[in-house]
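**Q** Take a look at this one; I'll ask things after.
Number of protein chains: 2
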Amino acid sequence: MARWEPDARGRLLHAAADLFAERGYEATTAAQIAERAGLTKTTLFRHFADKREILFQGQDALVALAVDGVAGAPAGSTPFEVLHAGILALCTMHPAEQRANQRGIDALLSSSPELQERAVFKRSTITEALRGSLADRLDDGRRAAVLADLGVRAYYGGFAVWIASPVDGPLADVVATELAAYEAAVGSLGSATLASSAAR
Amino acid sequence: MARWEPDARGRLLHAAADLFAERGYEATTAAQIAERAGLTKTTLFRHFADKREILFQGQDALVALAVDGVAGAPAGSTPFEVLHAGILALCTMHPAEQRANQRGIDALLSSSPELQERAVFKRSTITEALRGSLADRLDDGRRAAVLADLGVRAYYGGFAVWIASPVDGPLADVVATELAAYEAAVGSLGSATLASSAAR
DNA sequence: GTCTATACAATGATAGAC
DNA sequence: GTCTATCATTGTATAGAC
Numbered sequence: 605m606a607r608w609e610p611d612a613r614g615r616l617l618h619a620a621a622d623l624f625a626e627r628g629y630e631a632t633t634a635a636q637i638a639e640r641a642g643l644t645k646t647t648l649f650r651h652f653a654d655k656r657e658i659l660f661q662g663q664d665a666l667v668a669l670a671v672d673g674v675a676g677a678p679a680g681s682t683p684f685e686v687l688h689a690g691i692l693a694l695c696t697m698h699p700a701e702q703r704a705n706q707r708g709i710d711a712l713l714s715s716s717p718e719l720q721e722r723a724v725f726k727r728s729t730i731t732e733a734l735r736g737s738l739a740d741r742l743d744d745g746r747r748a749a750v751l752a753d754l755g756v757r758a759y760y761g762g763f764a765v766w767i768a769s770p771v772d773g774p775l776a777d778v779v780a781t782e783l784a785a786y787e788a789a790v791g792s793l794g795s796a797t798l799a800s801s802a803a804r
Numbered sequence: 605m606a607r608w609e610p611d612a613r614g615r616l617l618h619a620a621a622d623l624f625a626e627r628g629y630e631a632t633t634a635a636q637i638a639e640r641a642g643l644t645k646t647t648l649f650r651h652f653a654d655k656r657e658i659l660f661q662g663q664d665a666l667v668a669l670a671v672d673g674v675a676g677a678p679a680g681s682t683p684f685e686v687l688h689a690g691i692l693a694l695c696t697m698h699p700a701e702q703r704a705n706q707r708g709i710d711a712l713l714s715s716s717p718e719l720q721e722r723a724v725f726k727r728s729t730i731t732e733a734l735r736g737s738l739a740d741r742l743d744d745g746r747r748a749a750v751l752a753d754l755g756v757r758a759y760y761g762g763f764a765v766w767i768a769s770p771v772d773g774p775l776a777d778v779v780a781t782e783l784a785a786y787e788a789a790v791g792s793l794g795s796a797t798l799a800s801s802a803a804r
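From first to last, the protein sequence lines stand for chains A and B. Its first residue numbered 605, the first sequence is counted upward by one per residue in the numbering used here. Its first residue numbered 605, the second sequence is counted upward by one per residue in the numbering used here.
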């Protein structure tokens, strides 16, 4: 028999979600979250590095998804196809059932500068991991970097559209549309540049 | 006659630079900085929003530089020429004499996760401002976003090279070289995409 | 309008007991 | 793993001094 109730982490997450929804992020203290979960502040900080991390639960898995997605792209893929593989792998983290949850988290994020800073950092971590794995595949570091930025933009942009949309549908569809639009924008940029330099 | 010693902000910056160099960022407390400057903690936090901001002194001006640089690009410029104008404007913030200082700041940044997070946030603020002003000029939002990412990469990448380089020279030269390299990478990406889609 | 004094709330770390 | 307890530090708030 366990000497304490199981799933402390899950209880903390649940308590935090409730309290953040009730009073907002800043008005909720770490001690209050712990108390509602039937635990203490010390235990909370054993499970989460800091208060902000509670809201980014599971985000760390995105890095591995992107890297594995890129690594798993078939040989002979074009650079954009490799990128697609990495970005669409990210979408598997967000099933349609969680869309309502994500809306709530999104609202919290925009309420606190502290959380926005952390969100930007997470985004940059994903971008950097993606850039690294693309660089392994593409042997041109700068091309890999540009693709990583572009892919992450499509992912986050698609995510925002998906969250805001009234109709249910898979995130991957929206993101794929975004990716195609960015691809077109880069294509026109490339050809515009070539045309203008050819004109000289 | 002043009733107190002037230039409190300057003294705080100087005291912080000394203490950070002596003991590192984390081992220096806000109270110690204030004390060495002959002030109190309260005053320090009147001049800086938080401890991290002490190390990003002046960074906020970069946003205006980028925006004004883009806005000042001559009519009829190509998208890349507009971008050049914005990015090279950023370089005016960093005269060659400050290169040694920047090296010290750079070392501190890599010593603390807290500072890295703030640095990433500053970078994203600059990117976002640049993206906005490029979007005004270029009427294609996604193209503007890709260019902003690319330009900021050239700026930060060039900055790192400039910091590390043993030879003295203007930052703008290094950054211009980076920009050209990224431009070439995007050009080849665009034509590769066009070629591969044409081949179908 | 800038600084000081004091008190305060909250984060996060640490040590030792169960 | 969790708890109690204590602690340093950040950052805020208030009221007053010059």
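Ideal Cβ placement from N, Cα and C applies to all residues, glycine included.
#1: Buried or exposed for Pro717 (chain B), please, with buried defined as at least 16 other CB atoms from any protein chain shown within 10 angstroms of its CB.
#2: With three or more C-beta pairs closer than 8 Å as the rule, is the stretch 749–759 of chain A touching the stretch 777–789 of chain A?
#3: When burial is assigned at 16 or more other CB atoms within 10 Å of the CB, is Thr633 (chain B) buried or exposed?
#4: Mapping DSSP to helix, strand and coil, what is Gly680 (chain B)?
#5: Grab me the residues of Arg741 (chain B)'s own chain with a C-beta within less than 7 Å of its C-beta, minus the 5 sequence neighbours each way, in chain order.
#6: In the structure shown, what three-state DSSP assignment does Asp772 (chain B) receive?
#7: Quick one: what's got a C-beta closer than 6 Å to His698 (chain A)'s C-beta in the same chain, skipping five residues either side?
#8: Kindly indicate if chain A contains any beta-carbon less than 8 Å away from that of Pro678 (chain B).
#9: Give the interface partners of Ser728 (chain A) over in chain B, defined as CB-CB distance under 7 Å, in chain order.
#10: Which of the three DSSP states, helix, strand or coil, is assigned to Asp753 (chain A)?
#11: Between the stretch 661–672 of chain A and the stretch 733–752 of chain A, do three or more beta carbon pairs fall short of 8 Å?
#12: If you drop the 5 nearest sequence neighbours on each side, which residues of the same chain put their C-beta closer than 6 Å to that of Gly680 (chain A)?
#13: When the cut-off is 8 Å and only beta carbons count, does Leu754 (chain B) lie next to chain A?
#14: With 8 Å set as the bound, which would you pick, yes or no: does the beta-carbon of Asp744 (chain B) sit closer than that to a beta-carbon of chain A?
#15: Any idea if Pro683 (chain A) is buried or exposed, counting beta-carbon neighbours within 10 angstroms, 16 or more meaning buried?
#16: Thinking C-alpha only, which one of B:Tyr760, B:Ala739, B:Trp766, B:Pro610 is nearest Ala700 (chain B)?
#17: Counting only Cβ pairs nearer than 9 Å, list the residues of chain A close to Arg757 (chain B).
#18: Between the Cα of Gly642 (chain A) and the Cα atoms of A:Phe763, A:Gly773, A:Arg615, which residue gives the shortest distance?
#19: Taking Cβ-Cβ distances shorter than 8 Å, what residues in chain B pair up with Val686 (chain A)?
#20: First and last residue of the alpha helix (DSSP H) that includes Leu643 (chain A)?
#21: I'd like to know if Tyr760 (chain B) contacts chain A, where contact means its C-beta is closer than 8 Å to some C-beta of that chain.
#22: Rounded to a whole number of angstroms, what is the C-alpha to C-alpha distance between Arg613 (chain B) and Ser769 (chain A)?
#23: Need the endpoints of the alpha helix (DSSP H) that Gln706 (chain A) sits in, please.
#24: Give me, in chain order, the residues of the same chain whose beta-carbon lies closer than 6 Å to that of Thr729 (chain B); leave out the 5 immediate sequence neighbours on both sides.
#25: Take Gly794 (chain B) as the anchor and find which of A:Leu751, A:Asp664, A:Thr781 has the nearest alpha-carbon.
#26: For the candidate residues B:Phe660, B:Gly762, B:Thr696, B:Ala653, whose alpha-carbon lies nearest to that of Gln720 (chain B)?
**A** So, to answer that:
#1: Here residue 717 (chain B) refers to the residue found at position 113 of the second sequence. Its Cβ having fewer than 16 others within 10 Å, Pro717 (chain B) is exposed.
#2: yes
#3: Here residue 633 (chain B) is taken as the residue at index 29 of the second sequence, counted from 1. So Thr633 (chain B) ends up on the exposed side.
#4: The residue given as residue 680 (chain B) occupies position 76 in the second sequence. Three-state result, Gly680 (chain B): coil.
#5: Numbered from its first residue, the second sequence carries residue 741 (chain B) at position 137. Cβ neighbours of Arg741 (chain B) beyond the five flanking positions: Val674, Val686.
#6: On the second sequence, residue 772 (chain B) is found 168 positions in, with the first residue counted as 1. Looking at Asp772 (chain B) - three-state DSSP - the assignment turns out to be coil, as it is neither helix nor strand.
#7: In the first sequence, the residue the question calls residue 698 (chain A) occupies position 94. Leu775.
#8: In the second sequence, counting from the first residue as 1, residue 678 (chain B) sits at position 74. So no, Pro678 (chain B) is outside the interface.
#9: Reading the first sequence from its first residue, position 124 is the one you call residue 728 (chain A). Per Cβ cutoff of 7 Å: Val724.
#10: By 1-based counting over the first sequence, the position of residue 753 (chain A) is 149. Reduced to three states, the DSSP call for Asp753 (chain A) is helix.
#11: yes
#12: Locating residue 680 (chain A) in the first sequence gives position 76, where the first residue counts as 1. Excluding residues within five positions, none has a Cβ falling inside 6 Å.
#13: Indexing the second sequence from 1 puts residue 754 (chain B) at position 150. Yes, its Cβ sits closer than 8 Å to a Cβ of chain A.
#14: Locating residue 744 (chain B) in the second sequence gives position 140, counting from the first residue. By this cut-off, Asp744 (chain B) is an interface position.
#15: Translated into the one-based positions of the first sequence, residue 683 (chain A) becomes position 79. Label assigned to Pro683 (chain A): buried.
#16: Here residue 700 (chain B) is taken as the residue at index 96 of the second sequence, counted from 1. Closest option to Ala700 (chain B), Cα to Cα, is B:Trp766.
#17: If you number the second sequence from 1, residue 757 (chain B) lands on position 153. The answer, in chain order, is Arg746, Ala749, Val750, Asp753.
#18: The residue you call residue 642 (chain A) lines up with position 38 of the first sequence. The shortest Cα separation from Gly642 (chain A) among A:Phe763, A:Gly773, A:Arg615 belongs to A:Arg615.
#19: Here residue 686 (chain A) corresponds to residue number 82 of the first sequence, with the count starting at 1. Those within 8 Å of Val686 (chain A) in chain B number zero; the least Cβ separation is about 12 Å.
#20: Against the first sequence, residue 643 (chain A) aligns to sequence position 39. Taken as a continuous stretch (DSSP letters only), Leu643 (chain A) belongs to no alpha helix (DSSP H), as it is neither H nor E.
#21: Against the second sequence, residue 760 (chain B) aligns to sequence position 156. Not one chain A Cβ lies under 8 Å of Tyr760 (chain B).
#22: If you number the second sequence from 1, residue 613 (chain B) lands on position 9. If you number the first sequence from 1, residue 769 (chain A) lands on position 165. Cα-Cα distance, rounded: 48 Å.
#23: Counted from its first residue, the first sequence places residue 706 (chain A) at position 102. Counting along the chain, the alpha helix (DSSP H) containing Gln706 (chain A) begins and ends at 703–713.
#24: Residue mapping note: residue 729 (chain B) aligns to position 125 of the second sequence, counting from 1. Cβ neighbours of Thr729 (chain B) beyond the five flanking positions: none.
#25: Counted from its first residue, the second sequence places residue 794 (chain B) at position 190. When only C-alpha atoms are compared, the closest one is A:Leu751.
#26: Translated into the one-based positions of the second sequence, residue 720 (chain B) becomes position 116. The candidate whose alpha carbon is nearest that of Gln720 (chain B) is B:Phe660.
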